[in-house]
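As they're listed, the protein sequences go chains A and B. Each residue of the first sequence is one higher than the one before, starting from 201 at the first, in the numbering used here. Each residue of the second sequence is one higher than the one before, starting from 231 at the first, in the numbering used here. Heads up, the beta-carbon is just placed ideally off N, CA and C, and yes, glycines get one too. Note that the structure is predicted; figures quoted are calculated from it, not measured. One structure is given below, encoded as structure tokens.
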Amino acid sequence: MSTVEAPAATAGREQSGSEERTRILVRDGIPGFPGLHDWELLVDAEIDPLMWFAAADGGDTRLLVLDPRHVEPSYAPKFGPPALEAVGAAPDDPLVVLGVVNVEPDGSATINLRAPLLICPRTMRGAQVILDRSDLSMRHPIEVGG
Amino acid sequence: MLVLSRKPGQALLVGGEIVVKVVEIRGQQVRIGIDAPDSVAIVRQELHDQVEDANRAAASRGSKNASRLASRMRRDERKENQE
């Protein structure tokens with residue numbers, strides 16, 4: 201299975217211990233947290249393959265994210281011009297796609313495949329894109345052993 | 231909120247480049263046509279609200295559950311690789 205690479209640009213990238221932080225600007229905000237535009241992608245070996253997407257300017261707001269291909273290997277949604285424009289991407293730019301994970305208190309977990317987080321590593325900009333795909337669930341189960 | 235009355239076939243211009251047109255009224259449903267620049271995302275409000283709810287729920291979970299889920303995923307992946 202392929203794994204996601206954290207945005208490769210070196211600007212805005214910091215490493216401390218097992219954790220690597222990459223600054224991501226979210227111009228349009230994240231639904232539920234509209235005032236927060238400055239975010240960080242935290243790659244931490246302790247929670248690999250999961251990562252944190254954390255507000256850099258909003259206290260302790262953070263979302264657990266995962267490359268959706270860990271759950272659905274064929275996941276490859278198409279992003280239209282508004283999404284590419286939101287992250288400042290050219291049509292040929294490689295993009296990082298992540299899904300927001302929700303872990304229930306009982307340990308079960310779901311991933312939002314309907315509204316992925318799109319990141320353009322070249323511009324270091326991100327957006328949560330709501331796809332026009334009613335076949336994709338916002339609470340797609342993550343099947344894991346006990 | 232600005233409230234205007236429009237008849238089928240009539241339109242509104244928003245911000246100089248977005249046209250919202252009443253295409254048809256059928257019972258309790260209004261069909262709306264929107265002409266907007268490519269860069270403008272158009273999303274049903276209720277869908278946006280659902281994403282807000284899902285994000286807020288996800289943000290309220292602690293890191294303890296994250297570590298547990300991650301180790302279970304790594305264990306599964308190791309099993310898959312061994313098979």
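So, is residue i buried or exposed, given that buried needs 16 or more other C-beta atoms within 10 angstroms?
i: Q328 of chain A; result: buried
i: T203 of chain A; result: Any answer about T203 of chain A is weak, because its pLDDT of 45 lies below 50 and its placement is not dependable; what the coordinates show is given next. When all chains shown are included, T203 of chain A counts as exposed.
i: G307 of chain A; result: exposed
i: G235 of chain A; result: exposed
i: I255 of chain B; result: exposed
i: D279 of chain B; result: exposed
Name the two residues that bound the continuous beta strand (DSSP E) containing residue i.
i: V260 of chain B; result: Q259 to D265
i: R304 of chain B; result: Per DSSP, R304 of chain B belongs to no beta strand (DSSP E); it is in the alpha helix (DSSP H), S293 to Q312.
i: D283 of chain B; result: Where D283 of chain B is concerned, there is no enclosing beta strand (DSSP E), although the alpha helix (DSSP H) it sits in stretches over Q275 to A289.
i: A241 of chain B; result: A241 to V244
i: A327 of chain A; result: R325 to Q328
i: L318 of chain A; result: L317 to C320
i: L295 of chain A; result: Here L295 of chain A belongs to no beta strand (DSSP E), and DSSP marks it neither H nor E.
Quickly, what does DSSP pair residue i with across the bridge? List them, please.
i: G232 of chain A; result: Beta-bridge pairing links G232 of chain A to no other residue.
i: M251 of chain A; result: A:V265
i: H340 of chain A; result: A:I311
i: D244 of chain A; result: A:E219
i: A256 of chain A; result: According to DSSP, A256 of chain A bridges with nothing at all.
i: I224 of chain A; result: A:W239
Could you name the residues of chain B that residue i contacts, counting a contact when the two beta carbons are closer than 7 Å?
i: R262 of chain A; result: A289
Identify the contact partners of residue i in chain A, using a Cβ-Cβ distance below 8 Å as the criterion.
i: V281 of chain B; result: P231, G232, N312, R314, A315, Q328, I330 and M338
i: R308 of chain B; result: Here the premise fails: no neighbours, minimum Cβ distance about 11 Å.
Taking C-beta pairs closer than 9 Å, name the residues in chain B that residue i reaches, listed in chain order.
i: I247 of chain A; result: S293, A296, S297, L299, A300 and S301
i: H270 of chain A; result: M303 and E307
Would you kindly report the start and end of the unbroken alpha helix (DSSP H) that includes residue i?
i: E254 of chain B; result: Segment I248 to R256 is the beta strand (DSSP E) holding E254 of chain B; no alpha helix (DSSP H) there.
Note to self: If contact is defined by three or more beta carbon pairs under 8 Å, each pair taking one atom from either stretch, is the stretch 282-297 of chain A in contact with the stretch 246-259 of chain B?
What the structure shows: With a cut-off of 8 Å on Cβ pairs, the stretch 246-259 of chain B is not in contact with the stretch 282-297 of chain A, counting fewer than three such pairs.
Check: Do the stretch 280-294 of chain B and the stretch 225-242 of chain A meet, that is, are 3 or more Cβ pairs less than 8 Å apart?
Finding: As far as the Cβ criterion goes, the stretch 280-294 of chain B touches the stretch 225-242 of chain A, which means the pair count is three or higher.
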